[in-house]
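The structure under discussion appears below in the form of structure tokens.
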DNA sequence: TCAGCGGTTGACCGACCAGTCAATCGGGAA
DNA sequence: TTCCCGATTGACTGGTCGGTCAACCGCTGA
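The structure is reproduced here in structure tokens:
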């Protein structure tokens, strides 16, 4: 009981610090903020931060891993579904976009301070980051095998292009380069997949009857 | 004469510091290195750095702007050519890839420390960075006007996706996520444009051209 | 020969900040 | 009531590093 109660309280403060970290890192950037900023934001004493975390870095590490592991799970789960590649990519793009919509500060921190900071924090988590690319590449690999996708590029290449496009969109939202309203998010989900799958070019003057996908795609 | 000689020498030292900065920033990251590291690398005294630059930041600013302005010039020049959009995009992608091939350390610094560090340095240069997106968007806009590109996405969106894909590739090379040999560079130039223009999906044989957006987009 | 003057030097200063630690609190068990 | 122990506090320390500055060097022109 006491253990549970104490544990419960402990988890709360820890959570408080983690959440405060996200807010502060998002606002000021990891290097520009002090540990005391995080403590203040969380409403706890400076020292308590070091009771729950070994270092300032560990706060960011924890924030990142917590969320990134969820994403890796989603990618793996999506890939295992028996649906067209297009739908898988839509699910992945949708998850990332929704993550941003649901908690923009968290995604800002993850992208700006980790994923795009490959020289500092990204370095530590390169392995994890790579796993995401690999998961996406696997989706493409399967799609190439079934003939849904061309084989003209390697799955790795396609994964980088796809993920890069999405991350650039989020970056655009984060820094007000692109409009970031509800409609924009929904549109972006569709369009990023559409662009990567179908390309920007007009295909035929008249163009493809939409058709299919209801039809057998091979054999 | 003396003026010229002195000026020549001055330029040399300044250049020396700038180049040393690139090397040190690329190796250690901007925040992780000290001004003395740059001075040592350049083989000059600590104080001289402050003779030529106001601050540590100004070194990075200078490095970035010097190169970015070249890129903005290239984009504008390419856009003005009377050639298919496809060729324009190839020229832009080619320029960026070649920049990396020619001076990977410089591009690493620009991307890792500025372009992808929108929270710190990127902030200062957001305007400049935006100009590049706008330049690419302009290429797409014209292509849509001539019917080369579909109008299903906004030029801004297309520009972000295109640039994002390229930057992700460079990041892949920088951090050894993608193989980075001569052939890879050449292939990447072609494939990134091909992917963005034509898409990943197989179109011809059987094809699963699902959906839409080829349908009434407006009017 | 010498004064003038950039270019050049590097020791030093002051600010900042991650991380430590001894003290205190509070609640449950004996 | 008292003891114990983990949670909590925040002043303090040690070290780092950006930026300053007074002195120095060596060329040039008089």
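Protein chains in written order, with the working numbering: chain A, 614 to 832; chain B, 614 to 832.
Idealized CB from N, CA, C, for every residue including glycine.
Contacting residues, own chain, Cβ-Cβ under 7 Å from residue i (five flanking each side not counted)
i                     : result
residue 631 (chain B) : 672, 675, 676
residue 694 (chain A) : 701
residue 748 (chain B) : 685, 688, 689, 692
residue 657 (chain B) : 626, 629, 630
residue 712 (chain B) : 720
residue 697 (chain B) : 761
residue 704 (chain A) : 691
residue 804 (chain B) : none
CA-to-CA distance, residue j to residue i, given in whole angstroms
i                     : j                     : result
residue 639 (chain B) : residue 816 (chain B) : 42 Å
residue 751 (chain A) : residue 692 (chain A) : 8 Å
residue 793 (chain B) : residue 667 (chain B) : 36 Å
residue 641 (chain B) : residue 661 (chain A) : 31 Å
residue 706 (chain A) : residue 769 (chain A) : 17 Å
residue 739 (chain B) : residue 670 (chain B) : 15 Å
residue 726 (chain A) : residue 758 (chain A) : 36 Å
residue 795 (chain A) : residue 787 (chain A) : 14 Å
residue 728 (chain B) : residue 745 (chain B) : 11 Å
residue 633 (chain A) : residue 755 (chain A) : 41 Å
residue 766 (chain B) : residue 800 (chain A) : 9 Å
residue 753 (chain A) : residue 682 (chain B) : 36 Å
From the options, residue whose alpha carbon lies closest to that of residue i
i                     : options                    : result
residue 717 (chain B) : B:758, B:808, B:680        : B:680
residue 810 (chain A) : A:783, A:790, A:764        : A:764
residue 709 (chain B) : B:684, B:727, B:729        : B:684
residue 732 (chain A) : B:734, B:741, B:733, B:721 : B:721
residue 797 (chain A) : A:697, A:714, A:636, A:724 : A:714
residue 782 (chain A) : A:741, A:808, A:655, A:734 : A:808
residue 785 (chain A) : B:813, B:790, B:654, B:730 : B:730
residue 678 (chain B) : B:779, B:804, B:737, B:800 : B:737
residue 789 (chain B) : A:742, A:682, A:723        : A:742
residue 735 (chain B) : B:643, B:766, B:812        : B:643
residue 635 (chain B) : B:778, B:814, B:723        : B:723
residue 812 (chain B) : A:778, A:791, A:665        : A:778
Own chain partners of residue i with C-beta closer than 8 Å, once the 5 adjacent residues on each side are dropped
i                     : result
residue 659 (chain B) : 648, 649, 652
residue 699 (chain B) : 761, 806, 810
Cβ-based neighbour list, residue i, same chain, cut-off 6 Å, excluding 5 preceding and 5 following
i                     : result
residue 819 (chain B) : Reliability fails at residue 819 (chain B), whose pLDDT of 41 lies under 50, so the model's placement of it is uncertain and no value is given.
residue 637 (chain B) : 646, 650, 651, 654
residue 802 (chain B) : 706, 707, 710
residue 664 (chain A) : none
Any non-hydrogen atom of the ligand MN closer than 8 Å to residue i Cβ
i                     : result
residue 785 (chain B) : For the structure depicted, the ligand MN is absent and the ligand set is empty, with no information on it obtainable.
Anything in the segment 806-817 of chain B with a Cβ closer than 9 Å to a Cβ of chain A? List those residues in chain order, please. 807, 808, 809, 810, 811, 812, 813, 814, 815, 816
Contact set between the segment 734-749 of chain A and chain B, restricted to residues whose Cβ is under 9 Å from the partner: 735, 736, 739, 742, 743, 746
Going along the segment 675-691 of chain A in order, which residues come within less than 9 Å of chain B, judged by CB to CB distance? none
Stretch pair the segment 772-784 of chain A + the segment 766-786 of chain B: three plus CB contacts closer than 8 Å: yes
Between the segment 687-716 of chain B and chain A, which residues of the former have CB atoms less than 9 Å from a CB of the latter, in chain order? 698, 699, 702
What residues from the segment 750-774 of chain B come within 8 Å of chain A, judged by C-beta to C-beta, listed N to C? 753, 756, 760, 761, 762, 763, 765, 766, 769, 770, 771, 773, 774
Just by C-beta distance, which residues in the segment 781-801 of chain B are closer than 8 Å to chain A? 781, 782, 784, 785, 787, 788, 790, 791, 801
Residues from the segment 654-670 of chain B in contact with chain A, defined by Cβ distance under 7 Å: none
Got a sec: which bits of the segment 622-653 of chain B sit with their beta carbon under 8 Å from any beta carbon on chain A, in order along the chain? 642, 644, 645
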